[in-house]
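*Asks:*
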Amino acid sequence: MSILVDRESRVLVQGITGREGSFHTEQMAEYGTNVVSGVTPGGKGKRVAGAPVFDTVADAVAETAPNVAIIFVPARFAPDAIYEAVDNGLPFVVCITEGIPVADMVPVYAHVRNAGSRLLGPNCPGLITPGEAKVGIMPGFIHTPGPVGVVSRSGTLTYEVVDALSRAGIGQSSAVGIGGDPVIGTSFIDVLGLFEADPATEAIVMIGEIGGADEEQAALFIQEHVTKPVVGFIAGQTAPPGKRMGHAGAIISGGSGTAAEKMAALDAAGVRVVDRPSAVPAAIQAALS
Amino acid sequence: MNLHEHQAAELFATHGIRTNGGDVAFTPDEAETIARGVGGPVVVKAQVHTGGRGKAGGVKLATTPRDAREAAKAILGLDIRGHVVSKVLVAPAADIAQEFYLGVTLDRTRRQNVVMASAEGGVDIEEVARERPDRIVRALVDPFLGLHPWQARQIAFALGIPADKVGGIVTIARQLYETYVAEDATLAEINPLVLTGSGEWLALDAKMSIDDNALFRHPEFEALRDFDAEDRTEIDARQSGISFVKLDGDIGCIVNGAGLAMATMDAVKLHGGEPANFLDVGGGASADQVAKAFGLVTADPHVRAILINIFGGITRGDIVAQGIAEARQRVEVTVPIVVRLSGTNAEEGQRLLAEAGLTATESMDEAAAAAVRAAHAA
Numbered sequence: 001m002s003i004l005v006d007r008e009s010r011v012l013v014q015g016i017t018g019r020e021g022s023f024h025t026e027q028m029a030e031y032g033t034n035v036v037s038g039v040t041p042g043g044k045g046k047r048v049a050g051a052p053v054f055d056t057v058a059d060a061v062a063e064t065a066p067n068v069a070i071i072f073v074p075a076r077f078a079p080d081a082i083y084e085a086v087d088n089g090l091p092f093v094v095c096i097t098e099g100i101p102v103a104d105m106v107p108v109y110a111h112v113r114n115a116g117s118r119l120l121g122p123n124c125p126g127l128i129t130p131g132e133a134k135v136g137i138m139p140g141f142i143h144t145p146g147p148v149g150v151v152s153r154s155g156t157l158t159y160e161v162v163d164a165l166s167r168a169g170i171g172q173s174s175a176v177g178i179g180g181d182p183v184i185g186t187s188f189i190d191v192l193g194l195f196e197a198d199p200a201t202e203a204i205v206m207i208g209e210i211g212g213a214d215e216e217q218a219a220l221f222i223q224e225h226v227t228k229p230v231v232g233f234i235a236g237q238t239a240p241p242g243k244r245m246g247h248a249g250a251i252i253s254g255g256s257g258t259a260a261e262k263m264a265a266l267d268a269a270g271v272r273v274v275d276r277p278s279a280v281p282a283a284i285q286a287a288l289s
Numbered sequence: 290m291n292l293h294e295h296q297a298a299e300l301f302a303t304h305g306i307r308t309n310g311g312d313v314a315f316t317p318d319e320a321e322t323i324a325r326g327v328g329g330p331v332v333v334k335a336q337v338h339t340g341g342r343g344k345a346g347g348v349k350l351a352t353t354p355r356d357a358r359e360a361a362k363a364i365l366g367l368d369i370r371g372h373v374v375s376k377v378l379v380a381p382a383a384d385i386a387q388e389f390y391l392g393v394t395l396d397r398t399r400r401q402n403v404v405m406a407s408a409e410g411g412v413d414i415e416e417v418a419r420e421r422p423d424r425i426v427r428a429l430v431d432p433f434l435g436l437h438p439w440q441a442r443q444i445a446f447a448l449g450i451p452a453d454k455v456g457g458i459v460t461i462a463r464q465l466y467e468t469y470v471a472e473d474a475t476l477a478e479i480n481p482l483v484l485t486g487s488g489e490w491l492a493l494d495a496k497m498s499i500d501d502n503a504l505f506r507h508p509e510f511e512a513l514r515d516f517d518a519e520d521r522t523e524i525d526a527r528q529s530g531i532s533f534v535k536l537d538g539d540i541g542c543i544v545n546g547a548g549l550a551m552a553t554m555d556a557v558k559l560h561g562g563e564p565a566n567f568l569d570v571g572g573g574a575s576a577d578q579v580a581k582a583f584g585l586v587t588a589d590p591h592v593r594a595i596l597i598n599i600f601g602g603i604t605r606g607d608i609v610a611q612g613i614a615e616a617r618q619r620v621e622v623t624v625p626i627v628v629r630l631s632g633t634n635a636e637e638g639q640r641l642l643a644e645a646g647l648t649a650t651e652s653m654d655e656a657a658a659a660a661v662r663a664a665h666a667a
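Chains as they are written, first to last, in my numbering: chain X, 1 to 289; chain A, 290 to 667.
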């Protein structure tokens with residue numbers, strides 16, 4: 001068991017013939033992910049990593065019946081790609097693209113919800129169920145199958161933590177990057193709920209960062225609905241207010257969204273909060289024993 | 290990107306919001322000339338990208354053109370929270386009967402835009418939000434339908450605005466929301482929005498921040514960029530695809546990925562040091578990007594050691610190491626460099642770095658501690 005993707009997942013890649021899209025399609029296929037097709041307008045007839053390319057999502061759906069879409073389309077065209085996937089019935093859409101304007105994401109978010117689909121990202125590394133399917137851009141080899149669910153707003157920091165877990169002999173059920181933008185489709189709460197319900201997940205690692213209040217919301221949710229142990233880390237304890245730290249959503253504004261507030265909220269909810277990524281494996285070991 | 294008051298006011302005016310006008314002066318002479326043109330009392334206001342300018346002495350009332358000159362003289366060159374004033378806005382003084390706050394921004398938790406208003410105008414709205422949250426009324430905006438008149442009306446009545454003045458503020462609220470959407474703003478704010486003695490609505494201040502990710506749709510904003518106010522280095526970095534934020538410490542950081550870059554700064558602090566910057570070179574950490582990063586970090590004279598933290602994911606560690614060694618040869622770096630390299634082929638990468646004369650380790654904690662020691666020894 002796992003959450004969101006597994007070896008049965010049938011993956012459609014939007015923007016499959018682009019530099020990023022083709023590279024990561026090869027990488028995903030090499031990992032064992034079932035990439036069934038791709039879309040690039042005007043690309044009909046081509047193949048990438050053996051997967052047929054179509055002009056439209058409608059054609060790809062009719063011919064190959066995908067149930068997950070992953071998007072590698074440039075920022076100015078990515079909102080349209082999300083609409084195309086959702087309007088053609090894709091229940092789960094992963095958007096890797098960074099740099100989408102907030103004004104575009106607000107209606108996208110509402111539309112995806114109204115359609116009953118789920119969006120992961122944008123500006124995220126995607127997700128992986130180790131040994132089964134990788135729908136994203138993370139290095140697959142650092143992951144090992146096991147009982148820990150990982151959810152994070154970051155990319156490389158997640159790899160850092162996953163790598164430390166794997167080296168300590170602790171595997172992962174699934175690892176999910178929810179993205180670093182102010183408006184993202186799937187929140188900590190959504191993923192925490194899925195891990196709580198997943199029989200294969202015994203403990204959860206949650207990696208947050210400064211900006212917004214999603215970690216505080218997650219803390220309330222954990223207090224009420226999560227029975228499994230949670231270990232938390234928040235990046236940006238030294239970040240100054242009013243400055244965007246790389247991710248569009250990582251900014252302390254009006255004095256709120258600080259790491260200290262988030263760590264206090266998680267601590268109050270019973271989360272084992274650690275002050276450095278290298279402390280995660282020991283905290284998980286303690287939680288599991 | 291933040292706009293100055295006078296720039297935001299011009300945008301508000303193009304969307305139909307009545308503002309107080311005025312002109313920008315760079316010298317006391319110019320301020321006097323503008324005040325003479327106004328022909329009555331004026332307000333002289335510092336144009337800086339920070340709040341709290343009133344408290345800092347950056348806003349002055351002047352009854353004569355001579356006073357306006359003196360006011361401008363006092364304000365120009367003033368340091369307001371680290372921002373030096375290089376221009377002032379000289380605008381007609383208004384006859385204020387009542388002050389309000391009106392703003393539009395993103396409610397991140399609801400993933401919807403929100404219109405906010407308060408009868409406590411003219412003061413720091415964040416302070417009101419913290420201390421008297423019940424004094425702020427809000428309306429979440431439907432992303433497909435926009436702000437309904439009834440929502441703006443409901444806000445107006447909640448603020449206790451007299452019935453014959455409600456229509457006016459409803460129009461302004463809808464115009465402000467339109468401005469926010471049309472200009473890809475992340476904040477559009479009027480503080481204060483005033484009712485004058487003669488019963489007219491007037492925007493006495495204007496504040497706007499534009500979404501950096503949407504600037505491709507607004508090439509016109511490039512001309513409004515204030516190079517005095519924004520850190521030049523941060524803009525240069527952005528053009529090279531590097532996220533850079535200058536901080537006050539002495540340990541330069543070069544990292545791949547924003548989250549890991551923040552965690553690296555935290556590790557430096559945890560080991561008793563102070564980071565000199567936030568820097569995300571992007572995923573691949575190529576020789577070109579690392580060379581640019583060296584340039585950015587070494588431009589800061591306070592930097593006494595450099596900590597490079599790369600998690601080699603899909604890009605192999607030996608390739609990253611070659612890139613670092615190559616960048617090191619291209620850019621002259623006189624301070625000690627500590628490299629933390631992990632991930633694929635990390636051992637091979639560390640060997641290459643050692644050959645190039647660089648200290649390399651696999652642990653982030655060890656690397657942070659080593660960088661702090663090197664900075665203190667320097």
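Here a beta-carbon is modelled for each residue, glycine too, at the ideal position from N, C-alpha and C.
1) At a cut of 8 Å, does the segment 448-455 of chain A reach the segment 333-351 of chain A through at least three beta carbon pairs?
2) Within 9 Å (strictly less), CB to CB, does residue 654 (chain A) reach chain X?
3) Could you give the distance in angstroms between the alpha-carbon of residue 148 (chain X) and the alpha-carbon of residue 80 (chain X)?
4) Using DSSP's beta-bridge definition, name the partner residues of residue 342 (chain X).
5) What ranges does the beta strand (DSSP E) occupy inside the segment 387-447 of chain A, keeping only unbroken runs of at least 3 residues that lie completely in it?
6) What are the start and end residues of the alpha helix (DSSP H) that includes residue 664 (chain A)?
7) Just tell me which of A:582, A:546 and A:564 has its CA closest to the CA of residue 571 (chain A).
8) Provide the residue span of the alpha helix (DSSP H) that contains residue 613 (chain A), from first to last.
9) Reducing DSSP to helix, strand and coil, say where residue 307 (chain A) ends up.
10) Below 8 Å, can you find three or more Cβ-Cβ pairs linking the segment 602-611 of chain A to the segment 633-642 of chain A?
11) Quick one: what's got a C-beta closer than 8 Å to residue 321 (chain A)'s C-beta in the same chain, skipping five residues either side?
12) Under DSSP, the alpha helix (DSSP H) around residue 102 (chain X) begins and ends at which residues?
13) Compare the C-alpha of residue 78 (chain X) against each of X:234, X:94, X:257 and X:68 and name the closest.
14) From residue 645 (chain A) to residue 592 (chain A), what does the alpha carbon distance come to, in whole angstroms?
15) I'd like the list of long-range same chain contacts for residue 691 (chain A), defined as Cβ closer than 6 Å, with 5 residues on each side in sequence excluded.
16) Of the residues that make up the segment 160-183 of chain X, which ones have a beta carbon closer than 7 Å to any beta carbon in chain A?
17) Got a sec: which bits of the segment 559-586 of chain A sit with their beta carbon under 7 Å from any beta carbon on chain X, in order along the chain?
18) Considering just the uninterrupted stretch of the alpha helix (DSSP H) at residue 514 (chain A), what are its terminal residues?
19) Would a check of beta-carbon distances place residue 206 (chain X) closer than 9 Å to chain A?
20) Report the neighbours of residue 532 (chain A) on chain X: residues whose CB is nearer than 9 Å to its CB, in chain order.
21) Using a Cβ cut-off of 7 Å, pull out every chain X residue sitting near residue 401 (chain A), in sequence order please.
22) Using a Cβ cut-off of 7 Å, pull out every chain A residue sitting near residue 84 (chain X), in sequence order please.
23) Taking DSSP as the reference, what is the three-state secondary structure of residue 134 (chain X)?
24) Please go through the same chain and pick out, in chain order, the residues whose beta-carbon is closer than 6 Å to the beta-carbon of residue 365 (chain A), but skip the five residues on each side of it.
25) Within the continuous alpha helix (DSSP H) that includes residue 157 (chain X), where are the two ends?
26) Run down chain A in chain order and give the residues with a C-beta less than 7 Å from the C-beta of residue 240 (chain X).
27) Check each candidate in A:667, A:531, A:528 and A:536 and name the one with the smallest Cα separation from residue 241 (chain X).
28) Does chain A have any CB closer than 9 Å to the CB of residue 76 (chain X)?
29) If contact is defined by three or more beta carbon pairs under 8 Å, each pair taking one atom from either stretch, is the segment 297-314 of chain A in contact with the segment 256-263 of chain X?
30) According to the Cβ coordinates, are residue 150 (chain X) and residue 196 (chain X) closer than 9 Å?
31) Could you compute how far the alpha carbon of residue 128 (chain X) sits from the alpha carbon of residue 397 (chain A)?
32) Counting only Cβ pairs nearer than 7 Å, list the residues of chain X close to residue 521 (chain A).
33) Who are the neighbours of residue 263 (chain X) on chain A, taking C-beta pairs under 8 Å?
34) Taking 6 Å as the limit between beta carbons, can you name the residues of its chain near residue 337 (chain A), skipping five residues before and five after?
35) Could you tell me whether the Cβ of residue 288 (chain X) comes closer than 9 Å to any Cβ of chain A?
36) Where does residue 639 (chain A) sit, in a helix, a strand or coil, going by DSSP?
*Replies:* A quick look at the data gives this:
1) They do not touch, by the three-pair rule.
2) Indexing the second sequence from 1 puts residue 654 (chain A) at position 365. Yes, residue 654 (chain A) lies at the interface with chain X (some Cβ there is under 9 Å from its Cβ).
3) Here the question's residue 148 (chain X) lines up with position 148 in the first sequence. Here the question's residue 80 (chain X) lines up with position 80 in the first sequence. Whole-angstrom Cα-Cα distance: 35 Å.
4) Because chain X is modelled from 1 through 289, residue 342 (chain X) falls outside the range shown and cannot be assessed.
5) 401-407 and 425-429
6) As a first step, residue 664 (chain A) is located in the second sequence; it is residue number 375 there, counting from the start. From DSSP, the alpha helix (DSSP H) with residue 664 (chain A) extends over 653-666.
7) Looking up residue 571 (chain A) in the second sequence gives position 282. In this structure, A:546 is the residue among A:582, A:546 and A:564 with its C-alpha nearest to the C-alpha of residue 571 (chain A).
8) Sequence index remark: in the second sequence, residue 613 (chain A) carries index 324 (1-based). Residues 606-619.
9) Within the second sequence, residue 307 (chain A) is the residue found at index 18, counting from 1. Coil.
10) yes
11) Here residue 321 (chain A) is taken as the residue at index 32 of the second sequence, counted from 1. Scanning its chain for C-beta atoms nearer than 8 Å, with the 5 sequence neighbours on each side dropped, one finds around residue 321 (chain A) the residues 354, 355, 357, 358 and 361, in chain order.
12) Position 102 of the first sequence, counted from the first residue, corresponds to residue 102 (chain X). 102-115 is the extent of the alpha helix (DSSP H) around residue 102 (chain X).
13) Position 78 of the first sequence, counted from the first residue, corresponds to residue 78 (chain X). Among X:234, X:94, X:257 and X:68, the Cα nearest to that of residue 78 (chain X) belongs to X:94.
14) In the second sequence, the residue the question calls residue 645 (chain A) occupies position 356. In the second sequence, the residue the question calls residue 592 (chain A) occupies position 303. Their backbone Cα atoms lie some 21 Å apart in a straight line.
15) Missing from the structure shown is residue 691 (chain A); chain A here goes from 290 to 667 and no further.
16) 160, 163, 180, 182 and 183
17) 559, 564, 567 and 569
18) What you label residue 514 (chain A) is simply residue 225 of the second sequence in a count that begins at 1. Element bounds for residue 514 (chain A): n/a, residue is neither H nor E.
19) By 1-based counting over the first sequence, the position of residue 206 (chain X) is 206. Residue 206 (chain X) does not count as touching chain A.
20) Residue mapping note: residue 532 (chain A) aligns to position 243 of the second sequence, counting from 1. Per Cβ cutoff of 9 Å: 244, 245, 246 and 247.
21) Here residue 401 (chain A) refers to the residue found at position 112 when the second sequence is read from its first residue. Ordered by position in chain X, the residues that pass the 7 Å Cβ test against residue 401 (chain A) are 106.
22) Residue 84 (chain X) sits at position 84 when you count from the first residue of the first sequence. By Cβ distance, chain A contributes nothing, its closest Cβ being about 18 Å from residue 84 (chain X), past 7 Å.
23) Within the first sequence, residue 134 (chain X) is the residue found at index 134, counting from 1. If DSSP states are grouped into helix, strand and coil, residue 134 (chain X) belongs with the strands.
24) Residue 365 (chain A) sits at position 76 when you count from the first residue of the second sequence. Here the set comprises 374.
25) The residue you call residue 157 (chain X) lines up with position 157 of the first sequence. Here the alpha helix (DSSP H) through residue 157 (chain X) covers 156-167.
26) Counted from its first residue, the first sequence places residue 240 (chain X) at position 240. Going along chain A in sequence order, the residues near residue 240 (chain X) (Cβ under 7 Å) are 536.
27) Start at 1 with the first residue of the first sequence, and residue 241 (chain X) comes out as number 241. Ranking A:667, A:531, A:528 and A:536 by Cα distance to residue 241 (chain X) puts A:536 first.
28) For the purposes of this step, residue 76 (chain X) is taken as the residue at position 76 of the first sequence. Closer than 9 Å: yes.
29) no
30) Against the first sequence, residue 150 (chain X) aligns to sequence position 150. Against the first sequence, residue 196 (chain X) aligns to sequence position 196. No, these two residues do not count as a Cβ contact at 9 Å.
31) Residue mapping note: residue 128 (chain X) aligns to position 128 of the first sequence, counting from 1. Residue mapping note: residue 397 (chain A) aligns to position 108 of the second sequence, counting from 1. Residue 128 (chain X) and residue 397 (chain A) have their C-alpha atoms spaced approximately 26 Å apart.
32) In the second sequence, counting from the first residue as 1, residue 521 (chain A) sits at position 232. Residues of chain X passing the Cβ test: none, with the nearest at roughly 15 Å.
33) Within the first sequence, numbered from 1, the residue matching residue 263 (chain X) stands at position 263. Under a criterion of Cβ atoms nearer than 8 Å, no residue of chain A is adjacent to residue 263 (chain X); the nearest Cβ is some 11 Å distant.
34) Working through the second sequence from its first residue, we reach residue 337 (chain A) at position 48. 369, 372 and 374.
35) The residue labelled residue 288 (chain X) in the question sits at position 288 within the first sequence. Not an interface residue.
36) The count along the second sequence starts at 1 and reaches residue 639 (chain A) at position 350. Looking at residue 639 (chain A) - three-state DSSP - the assignment turns out to be helix.
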